[in-house]
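Straight run, no breaks: the sequence shown in UniProt numbering ends on number 376.
We put the CB at the ideal spot given by N, CA and C, even for glycine.
Remember, it's a predicted structure, so these values are computed and weren't measured experimentally.
The structure appears below as structure tokens.
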Amino acid sequence: MNLDEVVTEVAERLSASVVLVDRAFSLIAYSTQSPDVDKDRVQSILTRSCPPEARAWYESFGIADTTRPVITPENPDIEASSRICLPARYAGAAYGYLFVLPDENSAVSDGDLAAAMSLAGQAGAQLAHTARGRDDMAVAVVDLLEGDRKAFARAITRIEESGLLPDGGALTVLAVDGFLPAPGARALLAPIGSLTAVMLPAGGGAVDPVRSVAESGAGAGALVGVGGSHQGLRSARRSWQQAKLGVRVARHDESMGPIAYWEELGIYRLSSCGPTSVVADAVLTPSVRALLDHRNVDLLVTAQTYLDQAGDTGATAGVLGIHRQTLYYRLAKIEEITGLDLSVGAQRLELHVGLTLGRFIFEHLGTEEGGNGEQT
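Put into structure tokens, the structure is as follows:
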């Protein structure tokens, strides 16, 4: 009996709606819905996660430690009705929970509840097996995204054999800097350095799993970089590099976060076109370096703002809170230092690209190599 069948059996035996979650409160399976299902369970089904306040409420009743059914009372604050929690335990530990919402017109007998607890134990055994497999899978994810060629090849085989991602299907990798609520049963994740890598089938359908996970992380205070959608596991490393760049951009430029999608990184994408030193040599022309080396904060901010405002002096003066005469003086000084004519579009572009990417490269990429793609 698989997990879907366990949930269906419990629902039929107890004449109830039933949800199975793992111990991280990530949705695993659920029974057929009734019209009056409460709000937090609907959200769980749609997003494959449980609201943090609802999870804290259930855990406050000791459901992680008990071996018996627990009845949780109604809680208007989280818009949840009373329900029965059946811990899905195996080898002395809870690996998940069956939440039961009995029909108001039917009573749950002790015999039916005992049978449901036995089914919960079956679910616990299967969830335990899955959890151990996910530990192994985390190693495979690290090898896929960061390993050498041999480790990469082993990871491809391991993930393909698991069947957790569609063969040759489009996938997306996210980089999460901070706390990530349970990302759902279809996600493969692993800690890599200070980040968490999350690999998912590319979005589609009524609920986009990639956007859902990204918004869940951002809602918990994390910065999230979302790589592009690429075909097949051999392209996952490219999406991972794009996702990591997204996190760095979100740290550097608040207007780009807390979720930075590869498709929306604009000019920052150029920093991934090769090793840092090569990109720096390309964008940090002698004119740009002259202004950076001058180390005048007012001039740097003025130049960046003027260029960001597309050369509109009125808008620039307004953003900086200075008189136009002061602005004109600073612009003349910038032209003197750089040798550029800011009335010429190509020369404005040179300075704009150099300032935007140059500061980003040195502040956030350091000596890291930016050019990584597929393994073959």
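> Do the CB positions of Gly177 and Leu164 come within less than 8 angstroms of each other?
Replying inline: The residue labelled residue 177 in the question sits at position 177 within the sequence shown. The residue labelled residue 164 in the question sits at position 164 within the sequence shown. As written in the sequence, residue 177 is Asp, which differs from the Gly given in the question. For Asp177 and Leu164, no; Cβs fall outside 8 angstroms.
>> Report the CB separation of Leu171 from Met137 in whole angstroms; it is logged as a contact under 8 angstroms.
In response: Within the sequence shown, the letter at position 171 stands for residue 171. Within the sequence shown, the letter at position 137 stands for residue 137. No, Leu171 and Met137 are not in contact; Cβ-Cβ is about 14 angstroms, not under 8 angstroms.
>> Does Val213 come out as helix, strand or coil in the three-state DSSP assignment?
In response: For the purposes of this step, residue 213 is taken as residue 213 along the sequence shown, with counting starting at 1. Note: Val213 maps to helix in three-state DSSP.
> Is any heavy atom of the ligand COA found at a distance shorter than 7 angstroms from the C-beta of Glu263?
Replying inline: Among the components modelled here there is no ligand, and therefore nothing to report on the ligand COA.
> On the premise that His323 lies in contact with Ala332, defined as a C-beta separation below 8 angstroms, what is that separation, rounded to the nearest angstrom?
Replying inline: As a first step, residue 332 must be located in the sequence shown, where it is residue number 332. As a first step, residue 323 must be located in the sequence shown, where it is residue number 323. No, Ala332 and His323 are not in contact; Cβ-Cβ is about 14 angstroms, not under 8 angstroms.
> Given 8 angstroms as the limit, is there contact between the region 237-252 and the region 264-284, that is, 3 or more CB pairs closer than that?
Replying inline: yes
>> DSSP three-state label for Gln231, please.
In response: As a first step, residue 231 is located in the sequence shown; it is residue number 231 there, counting from the start. Three-state result, Gln231: strand.
> Phe152: buried (16+ other C-beta within 10 angstroms of its C-beta) or exposed?
Replying inline: For the purposes of this step, residue 152 is identified with residue 152 of the sequence shown, where counting begins at 1. By the 10 Å Cβ count, Phe152 comes out buried.
>> The beta strand (DSSP E) that contains residue 377, what's its start and end?
In response: Shown here, the chain extends from 1 to 376; a query on residue 377 therefore has no answer.
> How do the region 108-127 and the region 144-162 stand: do at least 3 beta-carbon pairs fall below 8 angstroms, yes or no?
Replying inline: no
> For the region 117-177, which segments carrying the beta strand (DSSP E) assignment without a break, of at least 3 residues, lie completely within its bounds, in sequence order?
Replying inline: 170-177
>> Going by DSSP in three states, Met256 sits in which element: helix, strand or coil?
In response: Within the sequence shown, the letter at position 256 stands for residue 256. Reduced to three states, the DSSP call for Met256 is helix.
> Alpha carbon to alpha carbon, how far is Phe99 from Ala93?
Replying inline: The count along the sequence shown starts at 1 and reaches residue 99 at position 99. The count along the sequence shown starts at 1 and reaches residue 93 at position 93. Between Phe99 and Ala93, the C-alpha separation is close to 17 angstroms.
> Apart from the five residues on each side of it in sequence, which residues of its chain come closer than 8 angstroms, Cβ to Cβ, to Glu9?
Replying inline: Along the sequence shown, read from residue 1 onward, the residue named residue 9 stands at position 9. Once the five neighbours on either side are set aside, the close Cβ partners of Glu9 are Met1, Leu119.
> What's the C-alpha gap between Ala91 and Asp253?
Replying inline: Here residue 91 is taken as the residue at index 91 of the sequence shown, counted from 1. Here residue 253 is taken as the residue at index 253 of the sequence shown, counted from 1. About 48 angstroms.
> Under a Cβ-count criterion, where at least 16 other Cβ atoms within 10 Å of its own Cβ denotes burial, should Arg330 be classed as buried or exposed?
Replying inline: Here residue 330 refers to the residue found at position 330 when the sequence shown is read from its first residue. Buried is the call here.
>> DSSP three-state label for Thr326, please.
In response: One-based indexing of the sequence shown puts residue 326 at position 326. Helix.
> For Ala202 versus Leu189, is the C-beta spacing smaller than 8 angstroms?
Replying inline: The residue you call residue 202 lines up with position 202 of the sequence shown. The residue you call residue 189 lines up with position 189 of the sequence shown. No, they are not a contact pair.
> Around the C-beta of Lys39, are 16 or more other C-beta atoms found within 10 angstroms, so that it is buried, or is it exposed?
Replying inline: Sequence index remark: in the sequence shown, residue 39 carries index 39 (1-based). At Lys39, the pLDDT of 48 sits below 50, so the modelled position is not reliable; the number obtained from the coordinates is stated separately. Exposed.
> Is Val18 buried or exposed, if buried means 16 or more other CB atoms sit within 10 Å of its CB?
Replying inline: As a working mapping, residue 18 is identified with position 18 in the sequence shown. It is buried - the Cβ of Val18 has at least 16 other Cβ atoms within 10 Å.
> Val141 to Glu161, Cα distance in whole Å?
Replying inline: Stepping through the sequence shown from its first residue, residue 141 is reached at position 141. Stepping through the sequence shown from its first residue, residue 161 is reached at position 161. Val141 and Glu161: Cα-Cα distance of roughly 13 angstroms.
>> Using C-beta distances below 8 angstroms, list every residue in its chain close to Leu299, excluding the 5 sequence neighbours before and after it, in chain order.
In response: Numbered from its first residue, the sequence shown carries residue 299 at position 299. Counting only Cβ-Cβ distances below 8 angstroms, and skipping sequence neighbours, we find Leu291, Arg330, Lys333, Ile334, Ile337.
>> Between which residues of its own chain and Met117 is the CB-CB distance below 7 angstroms, once the five residues before and five after are set aside?
In response: The residue given as residue 117 occupies position 117 in the sequence shown. Answer for Met117: Pro69, Leu86, listed in chain order.
> Hey, quick one: how far does the beta strand (DSSP E) through Val99 stretch, first residue to last?
Replying inline: Taking the sequence shown and counting its residues from 1, the one referred to as residue 99 is at position 99. Sequence check: residue 99 is Phe here, not Val. Its beta strand (DSSP E) spans residues 93-102.
> Do Pro258 and Ala218 have their C-beta atoms closer together than 8 angstroms?
Replying inline: Counted from its first residue, the sequence shown places residue 258 at position 258. Counted from its first residue, the sequence shown places residue 218 at position 218. Contact flag set, yes.
> Shortest alpha-carbon distance to Thr67 belongs to which of Ala315, Gly228, Gly96?
Replying inline: In the sequence shown, the residue the question calls residue 67 occupies position 67. Of Ala315, Gly228, Gly96, the residue nearest in Cα terms is Gly96.
>> Helix, strand or coil for Arg55? Go by DSSP, reduced to three states.
In response: Translated into the one-based positions of the sequence shown, residue 55 becomes position 55. Three-state result, Arg55: helix.
>> Measuring only the C-alpha atoms, how far is Asp65 from Asp22?
In response: Along the sequence shown, read from residue 1 onward, the residue named residue 65 stands at position 65. Along the sequence shown, read from residue 1 onward, the residue named residue 22 stands at position 22. Approximately 14 angstroms between the Cα atoms of the pair.
> Which stretch, first to last residue, makes up the alpha helix (DSSP H) that contains Gly314?
Replying inline: If you number the sequence shown from 1, residue 314 lands on position 314. Start and end: 313-320.
>> Quick check: Asp143 and Ala131, are their CB atoms within less than 8 angstroms of each other?
In response: Numbered from 1 along the sequence shown, position 143 holds the residue referred to as residue 143. Numbered from 1 along the sequence shown, position 131 holds the residue referred to as residue 131. Contact: no.
>> Out of Leu355, Thr285, Val283, which one is the CA nearest neighbour of Asp308?
In response: The residue labelled residue 308 in the question sits at position 308 within the sequence shown. Checking every option, the nearest Cα to that of Asp308 belongs to Leu355.
> Where does Arg83 fall in DSSP's three states?
Replying inline: Here the question's residue 83 lines up with position 83 in the sequence shown. Reduced to three states, the DSSP call for Arg83 is strand.
>> What does DSSP give as the partner residue(s) for Ile71 in the beta ladder?
In response: Along the sequence shown, one-based indexing puts residue 71 at 71. In the DSSP output, where bridge partners are listed per residue, Ile71 has Ile84.
>> Can you look up Ala303 in the DSSP assignment and give me helix, strand or coil?
In response: For the purposes of this step, residue 303 is identified with residue 303 of the sequence shown, where counting begins at 1. Residue state, collapsed to three classes: helix.
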